[in-house]
Amino acid sequence: MSLFHLQGVSLEYPHRVCFHSVDLHIVAGQRIALVGDNGSGKSSFLQLLSGALSPSAGQLRRQPHLHVGYLPQLITPVPGRSGGQNMQQRMSEVLQEQPDVLLLDEPSNHLDPAARKALKRMLRTYGGTLLIVSHDAELLRGLCDTLYCLQDGQLQIFQGELEDWLQHQATEREQVHAALNAIAHEQQQAHQQLMREQQRASKARQHGNKQIEERRWATIKSPAKLGRSNTTAGQRQTGLRDKREALLAQRAALPRLEEIQPSFQLSAAERGNRHVLQIAAGVLGYTPAAPVLTGIQLQLEAKERIWLTGPNGSGKSTLLRALRGDVSLHRAGDWLLPPSAEVAYLDQHYADLQPSLTVLACLQDHAPGWSMQQLRRHLSDFLFRHEAQVNCTVERLSGGERARLALACLAARPPRLLLLDEPSNNLDWTMKRHLLSVLQAWPASLLVVSHDVAFMQQLRIDRQLSVEAWHA
Numbered sequence: 033m034s035l036f037h038l039q040g041v042s043l044e045y046p047h048r049v050c051f052h053s054v055d056l057h058i059v060a061g062q063r064i065a066l067v068g069d070n071g072s073g074k075s076s077f078l079q080l081l082s083g084a085l086s087p088s089a090g091q092l093r094r095q096p097h098l099h100v101g102y103l104p105q106l107i108t109p110v111p112g113r114s115g116g117q118n119m120q121q122r123m124s125e126v127l128q129e130q131p132d133v134l135l136l137d138e139p140s141n142h143l144d145p146a147a148r149k150a151l152k153r154m155l156r157t158y159g160g161t162l163l164i165v166s167h168d169a170e171l172l173r174g175l176c177d178t179l180y181c182l183q184d185g186q187l188q189i190f191q192g193e194l195e196d197w198l199q200h201q202a203t204e205r206e207q208v209h210a211a212l213n214a215i216a217h218e219q220q221q222a223h224q225q226l227m228r229e230q231q232r233a234s235k236a237r238q239h240g241n242k243q244i245e246e247r248r249w250a251t252i253k254s255p256a257k258l259g260r261s262n263t264t265a266g267q268r269q270t271g272l273r274d275k276r277e278a279l280l281a282q283r284a285a286l287p288r289l290e291e292i293q294p295s296f297q298l299s300a301a302e303r304g305n306r307h308v309l310q311i312a313a314g315v316l317g318y319t320p321a322a323p324v325l326t327g328i329q330l331q332l333e334a335k336e337r338i339w340l341t342g343p344n345g346s347g348k349s350t351l352l353r354a355l356r357g358d359v360s361l362h363r364a365g366d367w368l369l370p371p372s373a374e375v376a377y378l379d380q381h382y383a384d385l386q387p388s389l390t391v392l393a394c395l396q397d398h399a400p401g402w403s404m405q406q407l408r409r410h411l412s413d414f415l416f417r418h419e420a421q422v423n424c425t426v427e428r429l430s431g432g433e434r435a436r437l438a439l440a441c442l443a444a445r446p447p448r449l450l451l452l453d454e455p456s457n458n459l460d461w462t463m464k465r466h467l468l469s470v471l472q473a474w475p476a477s478l479l480v481v482s483h484d485v486a487f488m489q490q491l492r493i494d495r496q497l498s499v500e501a502w503h504a
């Protein structure tokens with residue numbers, strides 16, 4: 033039974049085409065994983081199916097009286113609850129409605145390992161139709177029978193496990209790299225051959241003219257001979273130029289493998305080797321009578337990297353708020369913290385980015401003294417290169433694009449201490465690689481809260497601490 037029927041469906045925003053001419057049926061009982069790069073339109077596709085958006089073109093027909101449960105990627109934070117607790121609460125509310133179709137957008141975001149396992153068990157027993165957007169390889173393993181891949185405005189259907197698709201993507205990247213290297217080598221050879229041919233033709237003309245002047249050839253025959261020689265040389269040069277143009281066309285036809293090129297602007301003070309923070313016998317809570325953490329012992333050196341762990345609701349994000357200087361929290365004990373101007377915070381919701389501002393305006397706020405050339409070059413390093421990207425408002429960016437913009441703004445004025453709360457949430461595999469390239473090169477101290485073990489293992493962490501040792 034067809035629950036959704038899409039015919040020539042397209043979705044466009046003022047500055048971006050998400051996808052176009054999508055034709056497909058979604059039938060009862062299917063279990064589909066929707067994958068693709070950040071900004072490819074995955075969340076928008078779920079919103080179309082949920083009825084929150086309408087197609088720009090084409091027809092989308094739903095089965096009458098279909099009950100759809102939808103969990104968006106970004107949910108409104110509830111004060112006093114962790115991101116994981118918020119996600120679990122919203123998931124429970126959606127499931128209580130007993131929907132025929134479950135549309136989930138990054139449901140394992142913010143969840144600790146135990147909660148992720150519970151989510152997977154629940155989804156395995158869910159009897160309806162499932163369509164899930166996720167970059168959590170462990171969650172998707174064995175959960176779905178079909179992959180929808182959104183790429184370059186097209187939706188492709190891939191039968192197989194996520195690992196098969198990831199391997200397919202890796203193989204394609206390797207083939208593109210190999211093709212680019214081969215083309216670059218051929219271009220170099222063609223260029224050198226063209227230069228040699230031009231030099232040879234130039235010498236031949238000079239030699240021929242000299243012989244005419246010295247009357248070694250009959251004057252009446254020499255122009256014809258020289259003409260034939262020039263024609264042959266010109267044909268060879270034209271052939272080499274054609275080959276060069278063909279190679280350029282081949283290179284342009286290949287997918288562009290873009291990588292972030294992080295650059296940081298450090299002041300003399302930020303280059304110093306000083307203690308960044310020190311807490312002894314620390315107590316932290318919302319009121320003096322109800323501490324969340326006690327006996328906190330924490331010291332962070334310049335350029336040190338610490339991974340802060342603990343289950344959902346254990347106080348990790350609360351501790352990060354305290355390190356930012358949040359005056360609404362009650363603190364006791366000895367707290368030696370850097371000035372708030374030397375601390376930056378990349379939170380789970382990218383709240384420091386104003387939704388109405390453009391990408392360019394956000395960076396201008398962080399680097400007010402920069403010229404337009406500096407701003408555009410820095411944004412280009414973080415893959416905001418086209419006019420449509422630079423002038424897109426934050427509210428139109430995907431979660432991964434917001435993360436990339438937040439990193440670009442932070443890199444413009446790197447703080448002595450960067451606090452990160454679940455930095456790999458919402459990110460596709462490409463963006464995770466980009467984030468790693470920035471954080472691996474980060475020139476100052478890092479304190480990271482994350483449940484993404486695979487991501488953290490690549491981050492060159494110096495120490496791992498659990499807040500459970502400080503529970504009240």
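Sequence positions in the sequence shown follow the numbering used here and run 33 to 504. Where is the CB? At the ideal position from N, CA and C, for every residue including glycine.
Does residue i come out as helix, strand or coil in the three-state DSSP assignment?
i	result
residue 18	Nothing about residue 18 can be read from this structure; the chain reaches only from 33 to 504.
residue 50	strand
residue 422	helix
residue 347	coil
residue 249	Note that residue 249 scores a pLDDT of 49, beneath 50, so its modelled location is shaky and nothing firm can be said.
residue 333	strand
residue 356	coil
residue 190	strand
residue 490	coil
residue 501	helix
residue 220	helix
residue 66	strand
residue 437	helix
residue 431	helix
residue 226	helix
residue 301	Note that residue 301 scores 44 on pLDDT, short of 50, meaning its location in the model is unreliable and no value can be drawn from it.
Less than 8 Å between the CB atoms is what I'm expecting for residue i and residue j, so what's the real figure, rounded?
i	j	result
residue 64	residue 176	6 Å
residue 499	residue 325	6 Å
residue 144	residue 115	No, residue 144 and residue 115 are not in contact; Cβ-Cβ is about 10 Å, not under 8 Å.
residue 439	residue 416	Not quite, the Cβ-Cβ distance comes to about 11 Å (not below 8 Å), so this is no contact.
residue 165	residue 195	With a Cβ gap of about 18 Å, residue 165 and residue 195 do not count as contacting.
residue 455	residue 476	Going by Cβ atoms, the distance from residue 455 to residue 476 rounds to 15 Å, so no, they are not a contact pair.
residue 392	residue 422	5 Å
Going by DSSP, what residue range makes up the beta strand (DSSP E) through residue i?
i	result
residue 37	34 to 45
residue 498	495 to 498
residue 588	With the chain running from 33 to 504 in the structure shown, residue 588 is simply not present.
residue 182	178 to 183
residue 378	375 to 378
Tell me, please, which residues DSSP counts as bridged to residue i.
i	result
residue 453	481
residue 10	Since the displayed the chain opens at 33 and closes at 504, residue 10 lies outside it and no answer follows.
residue 322	319
residue 385	The partner list for residue 385 (beta bridge, DSSP) is empty, contrary to what the question assumes.
residue 313	DSSP, once it has assigned bridges, lists no residue as partnering residue 313.
residue 341	498
residue 56	38
residue 165	66, 137
residue 307	333
Can you tell me where the alpha helix (DSSP H) with residue i in it begins and where it stops?
i	result
residue 394	391 to 398
residue 410	404 to 413
residue 466	461 to 472
residue 171	169 to 172
Determine whether the Cβ of residue i lies closer than 7 Å to any Cβ atom of chain D.
i	result
residue 317	Protein chains in the displayed structure number just one, and chain D is not present.
My parser needs the beta strand (DSSP E) runs of 3 or more residues fully inside the segment 77 to 163; what are they? 89 to 94, 100 to 103, 133 to 137
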